[in-house]
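Notes to accompany the following structure.
Residue numbers (this note's numbering), protein chains in the order written: chain E, 48 to 544; chain V, 2 to 405.
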């Protein structure tokens, strides 16, 4: 206790917390640690900021001073000179041609447009049937439509003239949503299953009974198979399903054809169409174009290539040498040759490989080739996932007495696919970007359309604005896909630490 | 009694082919083989019929007929009087040229971008993230077209290089970037230049030997040689000595403005430059991601352990981090090289005469030999990719961690 008197000073209360010294908190500290921690770092920071500044100062005035209303490139330049600007983007080309970049030469629904927004002139011209009916004059019709489109705004044409692809894409989003986000009601998956038929009907048109009958035919084959399987086992069921499918859709045996009864589908379809004629004007694939083409090819390629790719990967791991050999050859040959050569095969060689006289839709050819191409890449990605799985998982599945397909479905694939998500999504992004290559086989993709736009006298010599627009379109989609894959990876991460 | 203890009778029933695990895989394979044969036969039969209907045959004799077209970018001499086979060879060399140049530049940019993206510096990492995302999420074809447009639309014309034209050559008046192409100095190989080149090649070989010797020595004795400085000296000094001893046999021919275009030097066409730059920039974004994930894959504990052993930071990088990171980096890096090679077939978009444009383009159009031409073209790409992927498999097995 005597100590107490010798201690000169003892603090009896806690000091109020003082703010950290300047330079040790907030923005300054952060900048010190991150931007100016060493000489090299400081130099890098200054260099980067200079880089950003020089790029932005070159691009921003051009972008922001852009001219949105002009009829041609020369008009754009006149406006620019009149405003005394050094450089200005001519966004007017996008303003005028964005519909074309999105849809190519896909026809607008002129009947709808004219009856909604051009009713007076339509009545003056003699009504819908006189202008668009079977007996109407083509030259008059084109003149009428051109006059109408000159008066309507691009947005009106977008929403009402292109309602078919628009609705198809919107429904596509609805169909894809439950697959992407597990929190949505599972019932929506039924719509996803039905979407391929709805989408085909909206994009291609024709009688509604075509897609309906195909869907019914597939469902019927499956049900027949299931029914037979209940009595005669899996094998009998499978054979019955295949037989039903052949009777409904194909007719490989020429001697059955004499009665003209098989395949069943055209007859039923014709009957239904004659009773209830319902449908949209048919639009052939060669009128498809623009970014819509990328969406159609990309989506079908993505949807079809995943199952094929998984099967190929399983085949490559199979312990049946012949199956393994076939899968390896297929994968390596497809991957070893560039897509552009495969597209070339689709456009020039396929006609040699098919029976004489048969013709094949150009878009369908491209979709098939793109699908096969992507599936070989998916197969390699999935193989990586399968190989990364510890051997114990396979052994555990076997020891539970699961057969091959059950063990794959319940134990192996869920884990292997989870590991391969980034790779699979990267392949999908690659596929989506590769849809631009169809320009080389004569389809009108957005890049091909930029050439078509430049070929007109108004927009001759315009490059950057068109390329930037197309690049941004693709960037938006691909960026979303890559972010989604990150989200999915985080969500499926079960071994959180 | 005998019946009760005897083994089950070994009769064979047809259903065993399907339900007995011993025979099932064989059954499936035989059926698959038959289906494959049938479909192949169907395809071949169709092709034969179609060819017969068109009055064509299947032969490669067209390769030895006169090509009759010119190729503007050639490594080996070619004129329109040469054969289609030689045209194909020129195209193959052009493909390999742009692929080789592209792989080097893409690796340099990619490694730089990948390392900088890991930087703690917010601004630098941000720029690199932007770069990588912009490149990866936009089609390569757009980049090729954009770079080509930059090269042809935004560069000065040759006449602008005259006095007061507003354009000037860069790198001490040796390189001219114009809308007709990039003109670079051309080395002229004089008397005795072969010796200089030989000395240079020998000194490179010496560098490799030096590195090996130094590593052995370190492993045995722990002594470290100043490898980097010695290599640098070996790289420059002998070649420069030989160059001056032989009386400066190698000179440069500078491109000069003559008439409406440059004369002298080497003209590198804009198509090659655009393809090269676009391929490199695009692929470098993927390489950057590979490098980044490779470095991140080495756990921090490795670095800390190396520091705890008292290693210098650069030795840590060299001996601990890099060998482990490279195991992760190299395989996908090689498959990126493969992708770059295959993507070089987009040369078509800018008119660069690669193998797709010579053999798979003009030759096919002129001779009408689609099947043969595409078969050869596909075989070429397939061989290249098989060579590259077998090199990768060899590397993979040599660095594989040895497990049970």
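Every residue, glycine too, gets a C-beta built ideally from N, C-alpha and C.
CA-CA distance, residue 236 of chain E and residue 433 of chain E?
Translated into positions along the first chain, residue 236 of chain E becomes position 189. Translated into positions along the first chain, residue 433 of chain E becomes position 386. If I take the Cα positions, the gap works out to 27 Å.
Contact check, residue 273 of chain V vs residue 353 of chain V, beta carbons under 9 Å:
Counted from its first residue, the second chain places residue 273 of chain V at position 272. Counted from its first residue, the second chain places residue 353 of chain V at position 352. It is a contact, given that the beta carbons lie within the stated cut-off.
Provide the residue span of the beta strand (DSSP E) that contains residue 183 of chain V, from first to last.
Here residue 183 of chain V is taken as the residue at index 182 of the second chain, counted from 1. Element bounds for residue 183 of chain V: 182-185.
Within-9 Å CB hit, residue 225 of chain V to chain E:
Counted from its first residue, the second chain places residue 225 of chain V at position 224. No - not a single Cβ of chain E is within 9 Å of the one on residue 225 of chain V.
Count Cβ pairs between the stretch 338-352 of chain E and the stretch 138-157 of chain E that sit closer than 8 Å; are there 3 or more?
yes
How many angstroms separate the CA atom of residue 504 of chain E from the CA atom of residue 188 of chain V?
Looking up residue 504 of chain E in the first chain gives position 457. Looking up residue 188 of chain V in the second chain gives position 187. Between residue 504 of chain E and residue 188 of chain V, the C-alpha separation is close to 45 Å.
Where in the stretch 75-118 of chain E do unbroken runs of the alpha helix (DSSP H), each at least 4 residues long, occur, reported from the N-terminal end onward?
86-111
What distance in whole Å lies between the Cβ atoms of residue 77 of chain V and residue 94 of chain V, which are believed to be in contact at a cut-off of 8 Å?
Sequence index remark: in the second chain, residue 94 of chain V carries index 93 (1-based). Sequence index remark: in the second chain, residue 77 of chain V carries index 76 (1-based). Yes, residue 94 of chain V and residue 77 of chain V are in contact; Cβ-Cβ is about 6 Å, under 8 Å.
Using the beta-carbon count (16 or more within 10 Å), is residue 144 of chain V buried or exposed?
Taking the first residue of the second chain as position 1, residue 144 of chain V is located at position 143. Under this definition residue 144 of chain V is a buried residue.
Bridge partners for residue 84 of chain V per DSSP, in chain order?
Your numbering for residue 84 of chain V matches position 83 in the second chain. Note: residue 84 of chain V sits in a beta bridge opposite V:67.
Check the Cβ-Cβ distances between residue 429 of chain E and every residue of chain V, and say whether any is below 9 Å.
On the first chain, residue 429 of chain E is found 382 positions in, with the first residue counted as 1. False, the Cβ-Cβ gap to chain V never drops below 9 Å.
Give the straight-line distance between the Cα atoms of residue 363 of chain V and residue 268 of chain E, rounded to the nearest whole angstrom.
What you label residue 363 of chain V is simply residue 362 of the second chain in a count that begins at 1. What you label residue 268 of chain E is simply residue 221 of the first chain in a count that begins at 1. In a straight line, the C-alpha of residue 363 of chain V is about 49 Å away from that of residue 268 of chain E.
What does residue 383 of chain E reach in chain V if we use C-beta pairs closer than 9 Å?
Mapped onto the first chain, residue 383 of chain E falls at position 336. Here the neighbours are 339, 343, 379, 382, 383, 384, 385, 386, 387, 390.
By Cβ distance below 7 Å, which residues in the same chain neighbour residue 293 of chain V in space, the five residues on each side in sequence not counted?
Numbered from 1 along the second chain, position 292 holds the residue referred to as residue 293 of chain V. Within the same chain, residue 293 of chain V has close Cβ partners 115, 118, 119.
By the criterion of Cβ-Cβ separation under 8 Å, what are the contact partners of residue 139 of chain V in chain E?
Taking the second chain and counting its residues from 1, one reaches residue 139 of chain V at position 138. Residues of chain E passing the Cβ test: 480, 518, 521, 522, 525.
Less than 8 Å between the CB atoms is what I'm expecting for residue 360 of chain E and residue 430 of chain E, so what's the real figure, rounded?
Position 313 of the first chain, counting from 1, holds the residue named residue 360 of chain E. Position 383 of the first chain, counting from 1, holds the residue named residue 430 of chain E. About 5 Å separates the two Cβ atoms, so the contact holds.
Residues from the stretch 91-102 of chain E in contact with chain V, defined by Cβ distance under 8 Å:
91, 92, 95, 96, 98, 99
So with CB distances below 7 Å, who are the chain V contacts of residue 357 of chain E?
Here residue 357 of chain E refers to the residue found at position 310 of the first chain. The premise fails here: residue 357 of chain E is roughly 18 Å from chain V at the closest Cβ pair, so nothing lies under 7 Å.
Shorter than 9 Å from the beta carbon of residue 398 of chain E to some beta carbon of chain V?
On the first chain, position 351 is the one that residue 398 of chain E refers to. Answer yes: the Cβ-Cβ gap between residue 398 of chain E and chain V drops below 9 Å somewhere.
Just the Cα atoms here: how many angstroms apart are residue 72 of chain V and residue 220 of chain E?
Walking along the second chain from the start, residue 72 of chain V turns up at place 71. Walking along the first chain from the start, residue 220 of chain E turns up at place 173. The alpha-carbon atoms of residue 72 of chain V and residue 220 of chain E are separated by roughly 48 Å.
Tell me, please, which residues DSSP counts as bridged to residue 254 of chain V.
Taking the first residue of the second chain as 1, we reach residue 254 of chain V at position 253. Paired residue(s): V:187.
Chain E contact residues for residue 51 of chain V, given Cβ-Cβ distances below 9 Å:
In the second chain, the residue the question calls residue 51 of chain V occupies position 50. Under the 9 Å cutoff, chain E gives 398, 399, 400, 401, 402, 403.
Establish whether the CB of residue 121 of chain V and some CB of chain E are separated by less than 9 Å.
As a position in the second chain, residue 121 of chain V is number 120, starting the count at 1. Taking Cβ atoms only, chain E reaches closer than 9 Å to residue 121 of chain V, which makes this a yes.
Within 10 angstroms of the Cβ of residue 418 of chain E, are there 16 or more other Cβ atoms? Answer buried if so, exposed if not.
The residue you call residue 418 of chain E lines up with position 371 of the first chain. The residue in question, residue 418 of chain E, is buried, as its Cβ has 16 or more Cβ neighbours within 10 Å.
Please identify, using Cβ separations under 8 Å, the residues of the stretch 341-374 of chain E that lie next to chain V, in order along the chain.
366, 367, 368, 369, 370, 373
Which residues, in order along the stretch 52-69 of chain V, keep a beta-carbon less than 8 Å from a beta-carbon of chain E?
52, 54
For residue 268 of chain V, the first and last residue of its enclosing beta strand (DSSP E)
Working through the second chain from its first residue, we reach residue 268 of chain V at position 267. 267-269 is the extent of the beta strand (DSSP E) around residue 268 of chain V.
Is it right to say residue 544 of chain E is buried, meaning 16 or more other beta carbons lie within 10 angstroms of its own, or is it exposed?
Residue numbering aside, residue 544 of chain E sits at position 497 when the first chain is read from its first letter. At residue 544 of chain E, the pLDDT of 46 sits below 50, so the modelled position is not reliable and the matter cannot be decided from this model.
Alpha carbon of residue 302 of chain V to alpha carbon of residue 255 of chain V, nearest angstrom:
Counting from 1 along the second chain, the entry for residue 302 of chain V is found at position 301. Counting from 1 along the second chain, the entry for residue 255 of chain V is found at position 254. Roughly 54 Å between the two C-alpha positions.
Within chain E, partners of residue 26 of chain V - CB distance below 8 Å:
Here residue 26 of chain V is taken as the residue at index 25 of the second chain, counted from 1. Within 8 Å Cβ-Cβ: 366, 367.
Taking 9 Å as the threshold (beta carbon to beta carbon), is residue 544 of chain E in contact with chain V?
Position 497 of the first chain holds residue 544 of chain E. For residue 544 of chain E, the pLDDT reaches just 46, beneath the cut-off of 50, and the residue's location in the model is therefore unreliable, although a value from the coordinates is still provided. Judged by the 9 Å Cβ criterion, residue 544 of chain E is not in contact with chain V.
DSSP state of residue 352 of chain V, grouped into three classes?
Indexing the second chain from 1 puts residue 352 of chain V at position 351. DSSP places residue 352 of chain V in coil when its eight states are reduced to three.
Please report the distance separating the alpha-carbon of residue 477 of chain E from that of residue 165 of chain E.
Numbered from 1 along the first chain, position 430 holds the residue referred to as residue 477 of chain E. Numbered from 1 along the first chain, position 118 holds the residue referred to as residue 165 of chain E. Rounded to whole angstroms, residue 477 of chain E to residue 165 of chain E spans 44 Å at the Cα level.
Spell out whether any CB of chain V is found under 9 Å from the CB atom of residue 484 of chain E.
Taking the first chain and counting its residues from 1, one reaches residue 484 of chain E at position 437. Yes - at least one Cβ of chain V is within 9 Å of the one on residue 484 of chain E.
Can you pull the chain E residues whose beta carbon is under 8 Å from the beta carbon of residue 361 of chain V, in chain order?
Here the question's residue 361 of chain V lines up with position 360 in the second chain. Result: 388, 391.
What does the Cβ neighbour count give for residue 85 of chain V, buried or exposed, with the cut at 16 atoms within 10 Å?
Stepping through the second chain from its first residue, residue 85 of chain V is reached at position 84. Label assigned to residue 85 of chain V: buried.
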